[in-house]
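First the structure, in the form of structure tokens, and then the observations on it.
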Amino acid sequence: QDADLQAAIAQGIVGEKADGYMGLAKPASGEIKAKVDAINIKRRAAFTPEAVRRGVTLEEWAAAIGCKTLAGRVADGQAYQLPDGVWRTKSGPIALPASCG
Amino acid sequence: MDEETVRRPRRWRKAVAVLVAVLLLALLGLWSQRKPIARGIVDRELRARNVPARYRIADLGPGVQRLTNVVIGDPASPDLTADELVLRLRYGLGLPTVGTIEGRGVRLRGRLVEGKLSFGAIDRLLPASDGAPFNLPDVAVDLADARIRVESAFGAVDLGVSGAGNLADGFVGRVVANAPRLASGDCTARAVSATLAVRIEDRQPRLSGPLGTESLRCAGITLERPRIDLATVLAPDLAPRTAQATFVGGRLAHGSEQVGAVRGRISYDATDPRDRHGRLELAGQALRTRYGTARAFRWQGPYRIGAAVGPGGVRPLRASGDLAIDGADILATRVAGDHARALAGSPLEPIGQALAGAIVAAGRDANLTARLAFDGDIGGRAAPIAGEVQASAIGLASRSGARIAFGGGAGLTVATTGGTRLDGLVTTGGGGLPAARVILKQAAAGASMSGTATVAPYTVDGARLALAPSRFSLEGGRLRLATVATIDGPLGDGRVRGLTLPLAATFEKTLRVNEACVPLTFASLSIAGMDLGATRLPLCPVGGAMLRVANGRLTGGMAVPRPRLAGRVGSQPLTIAAADLRVDVARAGFTADTVAIRLGGENGTRLDLARLDGRTGPGGIAGRFTGAAGAIAKVPLLLSGGEGTWRLAQGRLGIEARATVADADANPRFVPLVAHDIALKLTGGLIRVTGTLRLPSNNVPVTNVAIIHDLHDGQGHATLDVPGLTFGPAFQPEMLTRLTLGVVANVSGTVAGKGRIDWNREGVTSTGDFATDGIDLAAVFGPVTGIRGKIHFSDLLGLVTPPGQLVTVASFNPGIAVEGGVIGYQLLPGLKVAVGGGKWPFSGGSLILEPTVLDFGQPVERRMTFRVEGMQAGAFISRFEFKNIEATGVFDGTLPMIFDERGGRISGGRLVVRKGGGTLAYVGELTNEDLGMFGKLAFDALKAIRYDNLAIELDGALDSEIVSRILFTGINENPAPGKEAKGLLKNLTGLPFRFNIVIRAPFRGLTSSAEAFANPGSLLGDAVAPAVPADTPAAPAVQPPLSEDKR
Amino acid sequence: CITVKAPEKPIEINLNVNVRQEVVVKLQKDAGDFISKNPELFPQ
């Protein structure tokens, strides 16, 4: 795990998004941005065969991942983004997007 | 000169004098016999003188009186016995006088006491010594075999006398003397024998003949078997007037020192008793002394003994002469070689060795000469001889050609009491010795001495030492010397010229040189390919003295605070500076701190060392260095943290080191790499470096580097050999360079290739060729697999390639799997990629990628535009899994695509049907039933529409939903079969409909090649996309049917 | 006579009714497993 990235997550700079990828809630250094991009590239590469195997679109699989990450992997004080594109800071359970069911 | 030689002749002469005296006394005895006999009234006389005597007068003729069996003195031990005494009287004017005396079988006994000879009773027959000078009587004698025994404090002497003639004038005879042991003072002679011919003329007896003794021992000196041939003329009072003697001796030894065979000649002239003089000549073979050995020596010179003076009867003695010693081997010079070794390794080494050799050679088979003069007294109570020897013209001439001379001034004077005085001029030269003139001034023995020495420059095969005229002083055992030395000579593998160093040396048991700071300057120094110009360095002693020699050990040290050196290497300017430089003489090594070396001016080669040390050893100088950092000319590689060992020998510098190498660029293109095996060689201004650069974190070898740099003109090149970089889970490109982070990930596969960087004064150029035969990776818009191809960099460091680079991609999936294709591209400065054209079959037509430039330098969207030509509607529609739509018609258009961190999407895609239109049929249900009548109407019409123009607009993300808007006007060709066209519908046939259909459908990535992603070929089991976006696939894969209801 | 006025709004044919919802719901369990199996992709 990358210490800088963990710090950025803890400080609410980097957060999970409903679409299954990570994003920048606040402006961050080029270094952090490159690391988020790298995570997203790796996620996308890992999601593709999962989507293919299940005959769903990459987006659908990613959205399912998004539901799970928002549901259980965002700590209070950390940032998250719903499909409306608005970054929020978690305090208490997150109202999951409709598609999560 | 050696005092012994001076004292010995004097001692022998004394022995001779004693012998002569004894002989004279014997004659005297005879003389005293004559008078009483002559008078004929012997008895009366005898009784009057109370001299017991017995004799028989055998014949008393007028002129002849013959006495036999004569016994005079105590009958028990008579003083005189004689078988027959015959006196012949001579009648003249007055009373008859004794003419001749004949003696047969005469036996006489005498004693010598305090220099006076006494014949016992006979003395009383002799006239009292009336103080008149002793004179030989005018009497003729004839003796045969007369025996005289003289006892003396020195020992007993038996004399055999025979001969005839007038004692005053005319006597001729022979005296044979034998003495078992004669001792006088500290001299003893054993088995002394002499056979002397005697002739008396005019009252002056002449004695000549050989004397010999078994051994003569005086004060520790033994002379074996000396034989003397004496010829002397005695004065009327029997004191020797003149004498000449030659003598030959065996070994003359004194303790361990000795002379093999001694011979000599002495002359003595005492005609004027107050001025006795003569010449002494002495020679010896096989001389061995504690100072050395010699083949032979010679001494010759006059001597003069003055009249006795003073109470002790001490007589002044002056002697002078020339001493010559041939074939001498002087021991002292043997050790010169040891000192020369101390100069090993320094520019003075050749000079030290040559000088030592010259000194040793000079001391072998040398001929010494000296003019000596002795001035003193003999016969004193305290010392038999006391005085001063003065040597004025000392010279040494050796077979080696060496010449040393000492003369002038007061010369060298040595007093028998030990004080010496040295005052004069010493000159040396020849036989390899330096030409020098040393002026010594010493007022008196033991006083302080001062002087100046001028030494001509001394040159030995390439090394030259010049000493300024130096002043020195010797006071109370402390020698102090000051001069300035200028040295040219070899140093390491180069030369120093005009090295000038003031020297202040003091010597008192230990030698100490330069105990204070002095300026060191040199005209030029060339070493290890460097040529340093005129330099001046303040040099300070470390530990008290720059150089200290104590009992053979050389120690000391020098320090140069803030040394600054400037010079050139070939045409390149060079400067070397350091915080300080310390030299340790004992270790023959140096240490320098914070050294800064600059070569080639402004952007030349730069090297900084925290610490550099070295030691001179056999054949070269070697040492260590730490904290090295720097850069070679314009090569964009920064060296740091270097440490290792260096060695300089025969003009070659070798370095083994480890160091860190970093990219000199402002934002570095690769992480600092480490090399453990750097090997550098510098010969003749050419640097060769080799080493393997590794990743510090996991020691993976990245590239082998070989650098050649010409110091003379500052140009060179480096070759980078990447045998193979294999990326995998443990080794990702972002561990090597920042360029790939956020661009590609999960890289797997091997890249290999070679790069070359060339530089000269103008600038740096670099090229490179790299290749891979299979890389999979994940790009920003999806996995790419099977990247293969070669890339040629025209500017490797700038990451720029010429146009027309080709790469083939097995597949990539920006949302829809795209089969392999060949892409032409070019890397442009600033991390931009110009993607060249590409053409792929696409849905029955072809898809053409228009050249475009993607900027990876900035985090911007990357736009690519695909042109569609002759796309068959049916093939296209089926791509969208519109199972329940059929369409015909040929379409052209463009699909502008945008790739960013969210993936790839089509924005503003537009396909337009070609002239001739086509047909469209939709047989699917209607999703929203409340279309209203018109909607149903239109929908039914869709079942078979003929259109003449149709445009499809496409927007949306490849990995999710594509919104495609289809605009066309068409005529319903045939109503739906089996459904009566109710009134309104019937007349709708052929009516033009304008359709604006929006289809929102997932752009599924379902392709038959889906399994390809999980193919075992990719190590990761993950599909990865190429860094460079590829075009769409050549042939659309067949898409599995759209399942109406998602599972 | 009768005029037939074509409807102003284009006929919206949505061939693929947004069925994403059930898809996503159904995928939830698999997604959970995927996340736990690939922790390096989900830093916290």
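Protein chains in written order, with this note's numbering: chain U, 12 to 112; chain L, 1159 to 2205; chain S, 35 to 78.
The beta-carbon is built from N, C-alpha and C at its ideal position, and this holds for glycine as well.
Starting from residue i, find everything on chain L with Cβ-Cβ shorter than 8 Å and list it in chain order.
i: U:Thr100; result: Neighbours of U:Thr100 on chain L: none; closest Cβ ~23 Å, over 8 Å.
i: U:Ala39; result: By Cβ distance, chain L contributes nothing, its closest Cβ being about 12 Å from U:Ala39, past 8 Å.
Hey, out of the options, whose CA is closest to residue i's CA?
i: L:Asn1336; options: L:Pro1881, L:Ser1342, L:Gly1323, L:Arg1305; result: L:Arg1305
i: L:Val2121; options: L:Leu2108, L:Arg1539, L:Arg2063, L:Asp1427; result: L:Arg2063
i: L:Gly2047; options: L:Leu2053, L:Thr1850, L:His1435, L:Lys2073; result: L:Lys2073
i: L:Asn1227; options: L:Ala1240, L:Ser1235, L:Ala1234; result: L:Ala1240
i: L:Val1718; options: L:Gly1576, L:Leu1526, L:His1950, L:Ala1735; result: L:Ala1735
i: L:Gln1109; options: L:Leu1989, L:Ile2056, L:Val1727, L:Gly1800; result: Residue 1109 of chain L is absent from the model: chain L starts at 1159 and stops at 2205.
i: L:Glu1415; options: L:Pro1431, L:Ala1393, L:Gly1442; result: L:Gly1442
i: U:Trp98; options: U:Gly23, U:Asp13, U:Gly41, U:Arg55; result: U:Gly23
i: L:Ala1621; options: L:Ala1703, L:Gly1652, L:Arg1246; result: L:Gly1652
i: L:Gly1422; options: L:Thr1803, L:Gly1569, L:Gln1402; result: L:Gln1402
i: L:Ala1419; options: L:Tyr1426, L:Ala1444, L:Thr1400; result: L:Ala1444
i: L:Pro1469; options: L:Arg1522, L:Ala1494, L:Ile1463, L:Gly1538; result: L:Gly1538
i: L:Ser1969; options: L:Pro1960, L:Ala1393, L:Gln1963, L:Ile1981; result: L:Ile1981
i: L:Gly1788; options: L:Gly1772, L:Val1572, L:Ile1552, L:Thr1763; result: L:Thr1763
i: L:Ala2033; options: L:Ser2004, L:Pro2054, L:Phe2057, L:Leu1410; result: L:Ser2004
i: L:Ile1122; options: L:Ala1626, L:Gly1687, L:Arg1434, L:Leu1583; result: The question about residue 1122 of chain L has no answer, for chain L in this structure spans 1159 to 2205.
i: L:Val1741; options: L:Arg1773, L:Thr1752, L:Ile1866; result: L:Arg1773
i: L:Arg1385; options: L:Pro2009, L:Asp2058, L:Ala1352; result: L:Ala1352
i: L:Phe2000; options: L:Phe1828, L:Val2026, L:Gly1994, L:Pro1987; result: L:Val2026
i: L:Thr1841; options: L:Gly1464, L:Ile1813, L:Leu1591, L:Arg1561; result: L:Ile1813
i: L:Leu1659; options: L:Val1671, L:Thr1679, L:Ala1674; result: L:Thr1679
i: L:Arg1805; options: L:Ile1790, L:Thr1818, L:Ala1837, L:Lys1792; result: L:Ala1837
Which bits of chain S does residue i rub up against, with CB to CB less than 8 Å?
i: U:Asp13; result: Pro77
i: U:Val67; result: Val57, Leu61
i: U:Glu71; result: Arg54, Val57, Val58, Leu61
Which chain B residues are close to residue i, counting only those with a beta carbon under 8 Å from its beta carbon?
i: U:Ala49; result: Within the model displayed, chain B is absent; protein chains U, L and S are what it includes.
Closer than 9 Å by beta-carbon distance: list the chain S residues that pair up with residue i, in chain order.
i: U:Leu16; result: Pro77
Give the residues of chain U in contact with residue i, contact being defined as C-beta atoms less than 9 Å apart.
i: L:Ala1833; result: The contacting residues do not exist; L:Ala1833 stays about 27 Å from chain U at best.
Which bits of chain L does residue i rub up against, with CB to CB less than 7 Å?
i: U:Lys53; result: Ala1903, Asn1904, Ala1936
i: U:Ala45; result: Leu1899, Gly1900
I want to verify the contact list: residues of chain U whose CB lies under 7 Å from the CB of residue i, in sequence order.
i: L:Asn1971; result: Thr59
Uninterrupted beta strand (DSSP E) stretches inside the segment 1704 to 1784 of chain L (no shorter than 3 residues) = 1705 to 1708, 1711 to 1713, 1715 to 1719, 1722 to 1727, 1730 to 1742, 1747 to 1757, 1763 to 1775
query = Which ranges does the beta strand (DSSP E) cover as unbroken runs of at least 3 residues, wholly within the segment 1608 to 1688 of chain L, from first to last along the chain?
reply = 1621 to 1633, 1636 to 1649, 1652 to 1666, 1668 to 1671, 1676 to 1680, 1682 to 1685
query = Which full runs of the beta strand (DSSP E) of 3+ residues lie inside the segment 1946 to 2017 of chain L, going along the chain?
reply = 1963 to 1970, 1976 to 1986, 1990 to 1993, 1996 to 2000, 2003 to 2007, 2010 to 2013
query = Residue ranges of each beta strand (DSSP E) run of no fewer than 3 residues wholly in the segment 1438 to 1523 of chain L, ordered along the chain?
reply = 1450 to 1464, 1473 to 1488
request  = Could you tell me whether the segment 1754 to 1763 of chain L touches the segment 1868 to 1888 of chain L, where touching means 3 or more Cβ pairs closer than 8 Å?
outcome  = yes
inquiry  = Just to confirm the assignment: which complete alpha helix (DSSP H) runs, minimum length 4, are found wholly within the segment 1854 to 1928 of chain L?
reply    = none
key: Residues, ordered as in the chain, of the segment 75 to 90 of chain U that lie near chain S by beta-carbon distance below 9 Å   = Ala75, Ile76, Gly77, Cys78, Lys79, Thr80, Ala82, Gly83, Arg84, Val85, Ala86, Gln89
ask   = Is there contact here, the segment 1477 to 1488 of chain L with the segment 1441 to 1455 of chain L, by at least three beta-carbon pairs under 8 Å?
value = yes
ask   = Are three or more beta carbon pairs between the segment 1315 to 1324 of chain L and the segment 96 to 110 of chain U nearer than 8 Å?
value = no
query = Where are the beta strand (DSSP E) runs, 3 residues long or more, that stay fully inside the segment 1349 to 1426 of chain L, in chain order?
reply = 1362 to 1370, 1373 to 1376, 1379 to 1382, 1385 to 1392, 1398 to 1407, 1410 to 1412, 1415 to 1417
task = Could you name the residues of the segment 1940 to 1965 of chain L whose beta carbon sits closer than 9 Å to any beta carbon of chain U, in the order they occur along the chain?
result = Gly1940, Pro1941
message = Can you confirm whether the segment 70 to 84 of chain U touches the segment 1919 to 1939 of chain L when touching is taken to mean that 3 or more C-beta pairs between the two stretches lie within less than 8 Å?
response = no
request  = Pair every Cβ in the segment 1892 to 1905 of chain L with every Cβ in the segment 13 to 20 of chain U, then say whether three or more of these pairs are closer than 8 Å.
outcome  = no
Stretch-stretch touch, CB-based, cutoff 8 Å, three pairs: the segment 33 to 52 of chain U with the segment 1889 to 1899 of chain L = yes
key: Selection of the segment 20 to 31 of chain U by Cβ proximity to chain S, strictly under 7 Å   = Ile20
ask   = Is the segment 1662 to 1680 of chain L touching the segment 1637 to 1644 of chain L in the sense that three or more CB pairs, one from each, lie closer than 8 Å?
value = yes
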